[in-house]
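Note sheet for the following structure.
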Amino acid sequence: MTIATGIGSMPGEDIAESIRVVLGELPELPYLPELPARGAGAHMIGRALALVDLDADLQPAGWRLTGTAGGRGRDQRRAQSRLAQDLDVLEEQTQDYTGAFKVQVTGPWTLAATVERPRGDRLLADHGARRELAEALADGLTSHIHDVHKRVRGITRLVVQVDEPSLAGVLAGAIPTASGYGRHRSVDLPEASALLEIVLGAVTAEGAEPWVHSCAPRTPWSLVRGAGARGLSVDLSLMSPADHDVLATALEAGETVALGVVPSLDATISDKQVVTSVLRWLDMLGLDPEELGPRLIVTPTCGLAGASPAYARTALAQLRTSAAALS
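Start counting at 1 in the sequence shown, then tack on 41, and there's your number in the numbering used here.
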């Protein structure tokens, strides 16, 4: 049957309430929410840096590596503490839970396009630094996966969603330099694939299922799939004809496609509209939802951090009822 899940971020600052909402509305594939409203350490970049063994701190321009061994900054330590506390709350609320579960992490290219080197400018400008970052992220994810399994012992399928909204910009040479007057050089496709493969391979090695999510246009889904992603999480409204072909191939190969079909900001949309848009897409590809089963997933178009709490709950409930109708 078709199932529903969320992207990751939620509005508000109450992690216990967010986890309760996710567990209640998305019983087939709940996830650990991210609450960016709590500050930079709870945003996707700070959350990822909480996992890596690289010293970082928050500067006026954003996150920067300090280059000081063993000298993790206060903000990075705070992000690590916040993640540990969120996992404590998750453990408390999933004592009797059995089933699939999802966690999210920012991918290596989005981190490289955002985090600065000790002397300034993005890590993206340094070949060695961006590879070191990917390897550190892979190591951190390995430990994180172990921790999640230890805390939620009823997990039967763990999905690790790697968020790469900047990947298309990295490949297009569209990431601005620190000054804002220039652009970083585009990254070659083989290197883009190789560094993503380091992270996705670490997920697979731990028995988890690697997905890649992006709600940015022109994301190279063929490259993502070739790097080892076994789930593609997309905004259906941004798909090109070539993207449709990649998604169809993935589904036919037994992989997962998560379609973003419910707006991530407050809006009015009916279950009928959601179901119709999915069925129209499947009909275009010549695919039957009944044959796809849980490989077809419906989601919001992107994270829900910018939505109102009431709408976020409504959106997740609507995804659940739409998934049931598709089944």
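Backbone N, C-alpha and C define an ideal beta-carbon position, used for all residues, glycine too.
Here the structure is a predicted model, which means the values were calculated and not measured.
Alpha-carbon to alpha-carbon, residue j and residue i
i      : j      : result
Thr147 : Gly195 : 25 angstroms
Ala97  : Ala91  : 9 angstroms
Thr139 : Ser220 : 50 angstroms
Val319 : Pro71  : 21 angstroms
Arg198 : Arg271 : 13 angstroms
Arg118 : Asp127 : 14 angstroms
Ala283 : Glu133 : 44 angstroms
Leu337 : Leu292 : 8 angstroms
Leu212 : Ala233 : 8 angstroms
Ile186 : Thr43  : 26 angstroms
Asp129 : Ser184 : 16 angstroms
Tyr352 : Asp312 : 14 angstroms
Pro217 : Cys256 : 19 angstroms
Ile310 : Arg115 : 43 angstroms
Ala166 : Trp150 : 11 angstroms
Ile86  : Trp104 : 8 angstroms
Ala170 : Asp180 : 15 angstroms
Asp307 : Leu326 : 30 angstroms
Ala125 : His190 : 14 angstroms
Closest by C-alpha distance to residue i, when choosing among the options
i      : options                        : result
Pro304 : Asp204, Gly344, Glu58          : Gly344
Ala209 : Pro350, Ala154, His187         : Ala154
Val228 : Pro261, His84, Gln100          : Pro261
His225 : Arg361, Ala243, Leu164, Gly65  : Leu164
Arg79  : Gly65, His168, Asp55, Gly334   : Asp55
Pro335 : Asp307, Asp137, Ala348, Ser368 : Ser368
Val240 : Ser207, Val201, Ala215         : Val201
Ser177 : Leu152, Gly161, Gln145         : Note on identity: in this sequence residue 177 is Ala, with Ser being the wrong assignment. Ala177 has its Cα closest to that of Leu152, out of Leu152, Gly161, Gln145.
Lys143 : Arg172, Pro206, Gly47, Val93   : Gly47
His168 : Leu236, Pro258, Thr297         : Leu236
Identity of the residues DSSP links to residue i by a beta bridge
i      : result
Ala141 : Arg198
Ala78  : Its beta-bridge partners do not exist; DSSP assigns none.
Ala257 : In DSSP, Ala257 forms no bridge with anything.
Tyr72  : Lys143
Thr309 : The partner list for Thr309 (beta bridge, DSSP) is empty, contrary to what the question assumes.
Ile163 : The sequence given here has Arg at residue 163, not Ile. Glu157, per the DSSP bridge assignment.
Ile44  : Ile338
8 angstroms contact criterion, which residue i and residue j should meet: CB distance rounded
i      : j      : result
Leu174 : Leu95  : 7 angstroms
Thr340 : Ala299 : 5 angstroms
Gly369 : Arg113 : The structure shown does not extend to residue 369, since the chain is modelled only from 42 to 368, so the question has no answer here.
Ser363 : Val316 : 5 angstroms
Trp322 : Leu277 : 6 angstroms
Arg354 : Val62  : 5 angstroms
His254 : Ser281 : His254 to Ser281, Cβ: 17 angstroms. No contact.
Other residues of its chain near residue i: CB distance less than 8 angstroms, five sequence neighbours each side excluded
i      : result
Ser59  : Met51, Gly53, Pro74, Leu76
Gln100 : Glu157
Ser263 : Ala283, Val287
Leu64  : Pro71, Gln134, Thr135, Tyr138
Same chain, Cβ closer than 7 angstroms to residue i, neighbours up to 5 away in sequence not counted
i      : result
Thr245 : Pro251, Gly269
Thr290 : none
Leu328 : Ala289, Leu292
Cut-off 6 angstroms between Cβ atoms - residues of its own chain near residue i, not counting five sequence neighbours on either side
i     : result
Glu69 : Ile44
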